[in-house]
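Chemist:
There are 2 protein chains.
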Amino acid sequence: MHFFKLFVKRFARHVKLFPRNNPSQLLNRKHLKKYKKNVFLKFLPISTSNKRYYSHKFDYSRDSKSIYKVILGAALSGSLFVYLLRSVKVVPGEYKKGLPDYTIEEVAKHKTRDTRVWVTFHKGVYDITDYLNVHPGGADILMMAAGGPLDPYWEIYTQHLIDSTYVILEKYRIGNLKLSPPTPKKVCYAPPAGLPFDNEPTRDPRLIPVTERPFNGGPKSSLLVEDFHTPNDIFYIRNHLPVPRVSAEDFKLTIDVEGAGSKTFNLDEIKQLPHRTVTITAQCGGLRRQEMTDKLRKDTQGVKWEINGVGNATWTGVALIDALKAAGYNESTHTDLEHLQFTSYHSAGGPYVTGIPIHKVLNPKNNIMLCWEMNGQELTPDHGYPLRIIVPGVIGARWVKQIEKIEVRKEECQSHWHQQLYKYFGPHVTLDNVDYSSLSPVQDLPVMSAILSPSDQETVVISGNKLPVKGFAYSGGGNKIVRVEVSNNKGKTWMPAKLVHTGSDPVPYHFTWALWSCDVPTDGKRCIEIWVKATDSACNVQPENWEHIYNIRGVACTAFHKIRVNLK
Amino acid sequence: MHFFKLFVKRFARHVKLFPRNNPSQLLNRKHLKKYKKNVFLKFLPISTSNKRYYSHKFDYSRDSKSIYKVILGAALSGSLFVYLLRSVKVVPGEYKKGLPDYTIEEVAKHKTRDTRVWVTFHKGVYDITDYLNVHPGGADILMMAAGGPLDPYWEIYTQHLIDSTYVILEKYRIGNLKLSPPTPKKVCYAPPAGLPFDNEPTRDPRLIPVTERPFNGGPKSSLLVEDFHTPNDIFYIRNHLPVPRVSAEDFKLTIDVEGAGSKTFNLDEIKQLPHRTVTITAQCGGLRRQEMTDKLRKDTQGVKWEINGVGNATWTGVALIDALKAAGYNESTHTDLEHLQFTSYHSAGGPYVTGIPIHKVLNPKNNIMLCWEMNGQELTPDHGYPLRIIVPGVIGARWVKQIEKIEVRKEECQSHWHQQLYKYFGPHVTLDNVDYSSLSPVQDLPVMSAILSPSDQETVVISGNKLPVKGFAYSGGGNKIVRVEVSNNKGKTWMPAKLVHTGSDPVPYHFTWALWSCDVPTDGKRCIEIWVKATDSACNVQPENWEHIYNIRGVACTAFHKIRVNLK
């Protein structure tokens with residue numbers, strides 16, 4: 077029996093269930109009924125021979141060939157679900173012994189600040205009155221759930237379905253929900269009125285969703301190596317919220333300079349400032365987060381990007397510093413205003429709010445801009461129509477789209493997005509001991525490279541004994557990629573890749589990626605492991621392994637990219 | 077016999093002989109007579125149990141305790157010297173069969189360009205006429221050896237005693253020196269007239285030489301952790317040549333703007349520009365080169381710095397851009413002049429010449445300066461009296477001392493110092509296939525940290541079960557150190573070090589080091605291995621191991637610093 081338990085524990089670690097639309101959400105038994113076949117079964121088998129392991133995804137509703145593996149996996153896991161579910165670190169809304177029970181009717185009486193604001197989630201009852209004013213999406217949106225269940229809202233605002241939110245939620249726990257009829261299930265999964273994603277833009281079918289709502293996704297990575305400038309249709313899309321729909325006619329941008337008043341511009345007024353068109357690479361701060369999570373088998377927070385959350389485009393707009401000056405900002409006198417705060421237009425989920433330090437903005441050569449064109453075309457709503465910010469060399473999370481307000485201020489932005497989502501902690505920091513105030517938010521991107529073609533585990537037919545390998549490399553902060561190296565023998569020797577496309581701007585104003593290619597000798601093997609690493613103009617290099625850079629937020633996922641390719 | 081040969085080869089790799097004054101110079105038999113006891117015997121024994129190895133130095137003329145080890149080593153190596161010497165890659169001046177023999181008298185006839193310029197080195201005869209114009213120190217200085225031996229000059233200009241110079245020299249080989257009496261030995265080691273190091277400054281005895289002539293050295297590393305500002309007396313000294321002695325009265329700086337003429341300033345005229353005093357860290361581009369060389373048992377070029385070639389000081393001077401403008405440089409019109417070239421005053425060995433791109437100079441916040449004061453005191457000759465350049469965030473090699481000429485020009489500096497000494501090649505590049513023109517010279521420094529106290533292999537008496545560990549961390553390009561982590565279990569877990577001193581300047585204008593400390597649990601062990609790594613504001617991290625960053629020039633030696641400490 078002891079052996080059996082050990083086996084169960086071990087197996088539970090390697091098989092997890094996810095809804096197809098949101099692979100970051102672990103399922104419990106209740107969900108299974110709802111999602112039925114719409115589920116990923118994820119194996120993380122360990123290859124003990126070489127102590128490395130590989131991730132395989134089987135979609136049993138679609139992939140008929142893998143159905144037998146799935147049946148086998150399901151049979152094995154059948155009675156083990158209890159153990160499996162216990163492996164989830166934080167189980168929000170679980171029944172807690174020793175707390176009082178409340179009926180739905182009792183909860184419904186607590187709808188205002190005067191009576192205290194209560195909500196439910198699964199079987200939990202929470203008094204969130206004290207949290208209202210610090211809710212990143214604002215108090216108003218949260219008040220929509222007052223006296224009732226959070227569940228239907230979080231079904232839509234799926235960004236809440238992460239451990240760090242659960243930890244916060246459980247701090248406000250006051251009781252258990254008494255499950256007398258009518259059962260909360262019926263209430264839970266009805267879509268809430270007035271909060272739809274039904275105004276979302278149409279997207280190119282080549283964009284593979286990482287999450288559906290809000291939409292995040294990018295193309296098959298091999299599409300990225302074709303052009304130095306990534307076509308707009310397949311340019312990765314990163315949304316923290318539903319897409320705000322703003323017309324060019326209605327658009328207004330307010331720039332507020334602390335202590336010196338504010339000025340509001342319409343789009344034509346912004347376009348009257350001096351134009352510039354520049355080529356700049358955009359990269360998501362969570363790039364390769366899925367890989368870090370898989371390789372270390374340790375959870376990370378945030379959208380689980382693979383290697384396709386990156387792209388390169390020309391951008392047309394005006395220098396942000398010109399707009400700030402037009403609004404009354406004066407570098408010589410406003411020396412105490414060291415921070416910028418960017419607020420997007422509100423979508424159903426409220427505005428997205430973050431910021432950057434002002435220092436780089438003051439140098440126009442850093443090309444921090446307000447843009448309305450991307451690769452010569454008008455921005456689409458997914459990319460920030462009608463006006464967005466770009467911050468070259470800095471993580472995409474600061475490139476606020478549908479910009480409605482810019483504040484020049486003394487204090488750094490205090491939004492949840494800014495103070496929690498993108499901070500680079502050390503491996504010793506856990507969700508239990510994290511102190512978000514101990515670090516500044518990530519701005520500049522580190523040196524990075526990845527293989528975009530072929531994919532990991534792909535089977536490639538080659539003629540001759542060379543495998544063409546292609547990819548990208550990029551470094552933030554205005555640094556340039558000076559070298560990309562590839563190894564076919566796990567780093568024993570390295571061969572230089574050819575830098576096929578690089579930008580021509582000089583350091584420290586170099587903000588474009590390098591696309592590279594390398595014909596890798598296969599030495600007659602049927603399966604080949606390929607590593608890549610890049611070096612930038614500041615001599616910074618990528619770390620070899622994941623273990624020393626693990627961090628709970630899953631940022632700066634820069635370890636050597638290592639893939640296996642089967643050859644035919 | 078086969079086994080014996082194998083053993084000999086293996087042993088020869090681990091025992092090498094160096095003159096004490098110049099540990100970078102391998103000795104041959106002839107040298108041994110000269111240096112007699114003034115020699116290091118260097119063991120690099122392999123600990124096969126864990127595949128790591130440690131370097132121990134035994135000075136048999138001084139260290140009586142290790143005399144027995146040395147005798148043992150000498151006895152073992154006795155008859156193996158022939159094999160040992162064969163392990164040197166390039167043996168310059170070795171007798172070469174098939175080449176004609178020339179007497180000293182015959183060589184002496186070739187003293188001018190008309191008759192071709194011949195020189196000798198050891199037993200080699202060389203026609204260097206075609207090399208005269210590309211000699212980094214200039215043709216004139218090289219002509220002093222015309223018709224005679226190079227040996228005495230290279231005794232003084234020891235920077236030539238490296239493989240890369242030997243490779244160049246052997247390209248000009250035309251014959252062997254006929255060793256009829258008088259033997260060249262008598263000529264070889266007489267100090268040449270007119271080229272002395274006899275005008276060198278007096279130095280603090282706490283400075284430990286890495287090379288004596290030219291002088292390079294720094295303090296015992298533990299002295300560096302005491303103060304955020306490193307005292308001038310123990311600030312590391314880096315000389316490529318004998319120190320030029322220039323008085324403030326005679327000093328002149330010429331600034332030449334290509335196509336727009338030049339202007340010459342005396343010191344008072346420079347000091348009339350607006351002053352600034354800033355705190356900036358200086359770091360040698362070859363820091364930890366000895367460690368890379370030792371750990372990989374692979375040769376690197378250049379002075380073998382340990383971890384003490386770094387320091388932090390306040391600097392007083394004027395912005396270089398102000399001086400350029402005063403000389404007629406105009407950013408708006410001189411857009412094609414992208415390079416600066418710095419030429420130092422001539423010493424006996426000629427001027428030191430290198431440069432930087434102009435882009436960062438144009439932004440006064442980068443604090444690229446002409447300085448006359450260091451920590452509030454007048455510069456000493458070793459630090460560039462009366463005027464030097466400082467280039468924050470950039471390797472020390474560009475901080476030209478005793479600056480005599482600055483050129484704003486279209487073309488990058490082509491000096492040997494600039495185009496060969498500090499380039500960061502990949503591990504696949506060797507002295508045989510190196511293409512110096514394939515890379516730009518290193519400017520910005522990568523993220524780095526090291527333990528300054530205790531030292532590797534030191535025995536420390538501790539009370540309690542914590543070992544106090546201290547060190548520095550630094551990142552170039554205006555980045556800030558955001559985290560230093562220490563491990564006492566080879567990276568299985570990491571603990572954060574306390575950042576005791578850091579500068580307060582914001583990124584991207586942060587140019588000071590961080591001094592850190594950490595009380596490391598010793599877990600009752602008698603011997604403890606400690607690792608340290610740093611992370612900078614651009615999320616760049618140090619690489620774990622040396623193997624993937626090996627490079628022939630030994631720059632960017634940034635692997636995790638790992639030391640062993642014995643506890644009592």
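Residue numbers (this note's numbering), protein chains in the order written: chain X, 77 to 644; chain D, 77 to 644.
Note that beta-carbon positions come from the ideal geometry of N, C-alpha and C, so glycine has one too.
All of these numbers come straight from a predicted model, not from anything done at the bench.
(1) Would you say residue 512 of chain D reaches chain X, if we count a Cβ-Cβ gap shorter than 8 Å as a contact?
(2) Is residue 508 of chain X helix, strand or coil by DSSP?
(3) Looking at residue 517 of chain D and residue 495 of chain D, is the spacing between their C-beta atoms short of 8 Å?
(4) Please list, in chain order, all residues of the same chain as residue 619 of chain X whose beta carbon is under 7 Å from its beta carbon, the five residues on each side excluded.
(5) Alpha carbon to alpha carbon, how far is residue 177 of chain X from residue 185 of chain X?
(6) Identify the contact partners of residue 570 of chain X in chain D, using a Cβ-Cβ distance below 9 Å as the criterion.
(7) Report the residue from X:210, X:252, X:480 and X:242 whose alpha carbon sits nearest the alpha carbon of residue 180 of chain X.
(8) Taking C-beta to C-beta, are residue 435 of chain D and residue 582 of chain X nearer than 8 Å?
(9) Give the range of the alpha helix (DSSP H) segment to which residue 202 of chain D is assigned.
(10) Is residue 391 of chain D helix, strand or coil by DSSP?
(11) Residue range of the alpha helix (DSSP H) that residue 449 of chain X falls in?
(12) In terms of residues, what are the limits of the alpha helix (DSSP H) holding residue 240 of chain X?
(13) What is the DSSP secondary structure of residue 366 of chain D, counted as helix, strand or coil?
(14) To the nearest angstrom, how far is the alpha carbon of residue 189 of chain X from that of residue 204 of chain X?
(15) Three or more C-beta pairs under 8 Å: does that hold for the region 444 to 452 of chain X against the region 237 to 251 of chain X?
(16) Is the separation between the beta-carbon of residue 463 of chain X and that of residue 327 of chain X shorter than 8 Å?
(17) Give me the residue from D:622, D:607, D:506 and D:418 with the minimum Cα distance to residue 567 of chain D.
(18) Could you please give me the residues that DSSP links to residue 344 of chain X through a beta bridge?
(19) In the DSSP assignment, find the alpha helix (DSSP H) that holds residue 477 of chain D and state where it starts and stops.
(20) Against chain D, does residue 435 of chain X count as a neighbour if the rule is that its beta carbon must be under 8 Å from one of theirs?
(21) Just the C-alpha distance for residue 289 of chain X and residue 238 of chain X, rounded to the nearest angstrom, thanks.
(22) When we look at the beta-carbon of residue 483 of chain D and count the other beta-carbons within 10 Å, is it buried (16 or more) or exposed?
(23) With DSSP collapsed to three states, give me the class of residue 415 of chain D.
(24) Residue 611 of chain D versus chain X: which residues are under 8 Å apart at the beta carbon?
(25) Which of the three DSSP states, helix, strand or coil, is assigned to residue 359 of chain D?
(26) Who are the near neighbours of residue 507 of chain X in its chain, counting only those whose CB is closer than 7 Å to its CB and skipping five residues on each side?
(27) Whose Cβ in chain D lies nearer than 9 Å to the Cβ of residue 463 of chain X?
(28) Assign residue 586 of chain X to one of three DSSP states: helix, strand, or coil.
(29) Please check if any C-beta of chain X sits within less than 8 Å of the C-beta of residue 559 of chain D.
(30) State the start and end residues of the unbroken beta strand (DSSP E) segment that holds residue 332 of chain X.
(31) Rounded to whole angstroms, what is the Cα-Cα separation between residue 392 of chain D and residue 421 of chain D?
(32) Is DSSP giving residue 495 of chain D helix, strand or coil here?
(33) For chain D, is any of its Cβ atoms less than 8 Å away from the one on residue 632 of chain X?
(34) Please classify residue 608 of chain X: does DSSP put it in a helix, a strand, or coil?
(35) Hey, which unbroken runs of the alpha helix (DSSP H) at 4 residues or more fall wholly within the region 511 to 582 of chain D?
(36) State the Cα-Cα distance for the pair residue 584 of chain D and residue 442 of chain D, rounded to the nearest angstrom.
Modeler: Looking at the coordinates:
(1) no
(2) coil
(3) yes
(4) 625, 634 and 635
(5) 15 Å
(6) 502, 503, 504 and 624
(7) X:252
(8) yes
(9) Run containing residue 202 of chain D: none in the alpha helix (DSSP H); it sits in the beta strand (DSSP E), 200 to 203.
(10) strand
(11) From DSSP, residue 449 of chain X is part of no alpha helix (DSSP H) but of the beta strand (DSSP E) over 445 to 450.
(12) 239 to 247
(13) helix
(14) 10 Å
(15) no
(16) yes
(17) D:607
(18) Answer is none; residue 344 of chain X lacks a bridge partner.
(19) That residue, residue 477 of chain D, is in no alpha helix (DSSP H); it is neither H nor E in DSSP.
(20) yes
(21) 14 Å
(22) buried
(23) strand
(24) 500 and 502
(25) strand
(26) 239, 240, 243 and 628
(27) Near residue 463 of chain X there are no residues of chain D at all, since even the closest Cβ is about 26 Å away, more than 9 Å.
(28) coil
(29) yes
(30) 328 to 333
(31) 21 Å
(32) helix
(33) yes
(34) strand
(35) none
(36) 8 Å
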